[in-house]
Each structure stands twice: as structure tokens, then as C-alpha cells.
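Report on one structure; see the data block that follows.
There are 2 protein chains.
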Amino acid sequence: MADPPSPAVLCHCNAIRRGARQVTQFYDRHLAPAGLRTSQYSMLVGLARLGPIAIAAFADAMAMDRTTMGRALKPLERDGLLAVGPGPDGRTRALHLTEAGRRRIAEAEPLWRVAQAGFEARYGATAAADLRTALARVVRTV
Amino acid sequence: MADPPSPAVLCHCNAIRRGARQVTQFYDRHLAPAGLRTSQYSMLVGLARLGPIAIAAFADAMAMDRTTMGRALKPLERDGLLAVGPGPDGRTRALHLTEAGRRRIAEAEPLWRVAQAGFEARYGATAAADLRTALARVVRTV
DNA sequence: CTTGCATAAGCGCATATGCACGCTTTAGAC
DNA sequence: GTCTAAAGCGTGCATATGCGCTTATGCAAG
């Protein structure tokens, strides 16, 4: 009987945080040769897709906090992978990928594919797809 | 046709990181009145369960990096919620919960329950349990 | 006893995360 | 035209995350 007071084992938040740490490390190790973290790779890819875009809009599209995004861009801008120019609006700043950024994506993409395939091989491709779907629903739900 | 170069939408790592951010914010908002983050609450609960334990062993049990754990303990130690004493070994340090720590857990537990119930209400209790199982498998897999 | 290896922990560095607050600029009300 | 509300960003603070390096200790082989 004696239910433990707060079974952290049952905490959905704890569970997803643990998983995120593990998977992040897995992908990061694969992407390391390209000098990118997974988060950075996904930002570059996102920027390539969403073209010139304002910071807040980009953060929203990536389901990130605005200020987190603002700061996360710094290292990428410093390394010349993206540039921040004036937006159409005096208060808006426009993010756009540079040529170096595009090259870096091309360099990292095969590494990402290996990571993605490796995860699916271990976890099961179908299960992984289901997990991804479930996680997408989390973002829409919360 | 034209498969996008690296569909970040399909990246399992990105998906789980997004989800973790959202869920963390959700739980953190609920726990805020107790002056605890979700991660801190889970560490306190884990420590209560695993009794006096060394840092590395505790980090391992929580699926955290050793150095991350070491630093994450600082604020809790500063606030007197846990204490770090000498271990059985000259190089080991023993973590143990204080009375204040136990009181804080008692204070935070109802808030955690509301967060947990709230998440299950939105996401679906069964789906949430399935997600948690899938995530636990991620930790074992990677 | 020493030498060498393994274990436990800390620290520097860099990035990730988000809240509260403040500043500038724009759009709309009047 | 002015005044106000809202939008877009930046900064300070605090915590979270993990890698590489270093130090201190324990343990076993010789």
C-alpha cells in the first residue's frame, strides 16, 4: 500500500525532461564534428525554411521563448552562420541565413541523418514516429 | 516530391526538446508558489526516497549528468533544503534531506498534484501514461 | 612502501531556458 | 497633432545542461 508521497517516477514532466536530456546528448554527439549542437542545427534549418523572419515570429514558430531565441542566435551570428538585419519595421529585426550557414547545414545534415537513423534503429522507427506525434500533441495541448 | 533537406519537423530530438520546454513551463508555473522549479522538486523527492547518497550515485539514479547534479544542488543547499555531509569514504560526500526540505516537499506536493492532474486532464490520462512509458523506454534505450 | 589505476568530486567554459523589467517604435483613438 | 496601447527587442538575474580538465582519495599490484 503506502503510496509514496509524490512518486516522481510518475511525473510526466520529469519523464520528458529525462528523455530530452538523453536524446539531446545522443544527437549532440553525432553533430559535434560539424561544430553544432542539435538546437543550433534545428535553428539553422528552421531559418532556412522560414526565410527572413523577425525574432519573435521565429521563436514562436520554433516553440521557444523569445528571449531564449534572442540569446541562442548570438553564437550563430558570431560564427557568421546567420545575419541580423533591419526589418521592414523600425522595431523589427530580420533574421536570414548566410552562405556559410547554408554550407554548415549541408555539412551537418548527413550527421543528423545518422543520428536520426541511429535513434530509430535503437528505439524502433514506428515507435519513434508515434513518440514524435505524441510530443507534437503535447506542444499543441499545453 | 522535393523532400526538404533536413525536415526538422521529423527530428525526434527537436520534438522531445520542444515538449520538454512546454511541460516544464506548465509544471513550473504550478510549483512557483512553493519557490521550487520542477527539477528541484524532483530532486528533493528523489533524495527523500534514496536517502543519504553520494552525488554521482544520485545523479545516476536521476539520469542526470554528475556535474549538472553537483551544481543543481547548490541552490537547494543554500536554502537549507538539503545538506551535504562527509560520506563513508574520504572522497564521497553524502546528500541528505533536512527537515526544512521535508517541509518544502509537503508544501509543494499538492501543487505538483494539481499540475499532474491538469496535464492529464488536457492531454488525456491514458495518453499521458503511455507517453511516460515511451519516454522511460527512451532513457533505457539511448 | 610506492606506483599506478580507478573512483568521487569540483571548476572553467559555453550554451539553454525563461521571468521581470525597461526601451523604442508603431498604430490607432481622439 | 497628441496620447495611449500594443508590438518588438534587449538586459539582468537565476537556474539547467554537459564536456574537458584537475584534484583528492582509495585500492591493489609489485
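Taken in sequence, the protein lines are chains E and H.
Everything in the first sequence is counted per the numbering used here, starting at 26 for the first residue and increasing by one.
Everything in the second sequence is counted per the numbering used here, starting at 26 for the first residue and increasing by one.
All C-beta atoms in this analysis are idealised placements derived from N, C-alpha and C, irrespective of residue type, glycine included.
In this model, E/F51 and E/N39 are separated by some 19 Å (Cα to Cα). Residue environment analysis places E/R91 among the exposed positions, since fewer than 16 neighbouring C-beta atoms fall within 10 angstroms of its C-beta. For H/V34, there is no enclosing alpha helix (DSSP H), as DSSP marks it with neither H nor E. Distances from the CA of H/H121 to each of H/G115, H/I130 and H/I78 were compared; the closest alpha carbon is that of H/I78.
H/R103: not part of any beta strand (DSSP E); member of the alpha helix (DSSP H) spanning R91 to R103, first to last residue.
DSSP places E/L61 in no beta strand (DSSP E); its state is neither H nor E. Pairing E/R118 with E/G112 gives a Cβ-Cβ distance under 8 Å. H/M89 has a beta carbon lying within less than 8 Å of a beta carbon in chain E. Spatial neighbours of H/F144 in its own chain (CB-CB distance under 8 Å, excluding positions within 5 residues in sequence) are listed in chain order as V48, F51, Y52 and A153. In the structure shown, H/A79 adopts extended strand secondary structure according to DSSP, grouped into three states. When the Cα atoms are used, H/V139 and E/A59 turn out to be separated by approximately 43 Å. Under the 10 Å beta carbon count, E/T158 is surrounded by fewer than 16 other beta carbons and is classified as exposed. H/R42 is positioned such that its CB atom lies no closer than 8 Å to that of E/A150.
Look at H/T123: its C-beta is not under 8 Å from any C-beta on chain E. Taking a C-beta distance under 8 Å as the contact criterion, H/L107 and H/T93 do not qualify as a contact pair. Taken atom to atom, the span from the alpha-carbon of E/R74 to that of E/M89 is near 17 Å.
Boundaries of the alpha helix (DSSP H) harbouring H/A150: A150 to T166, taken from the DSSP string.
For E/T117, there are no neighbours in chain H by C-beta distance under 9 Å, as the nearest C-beta there is about 23 Å away.
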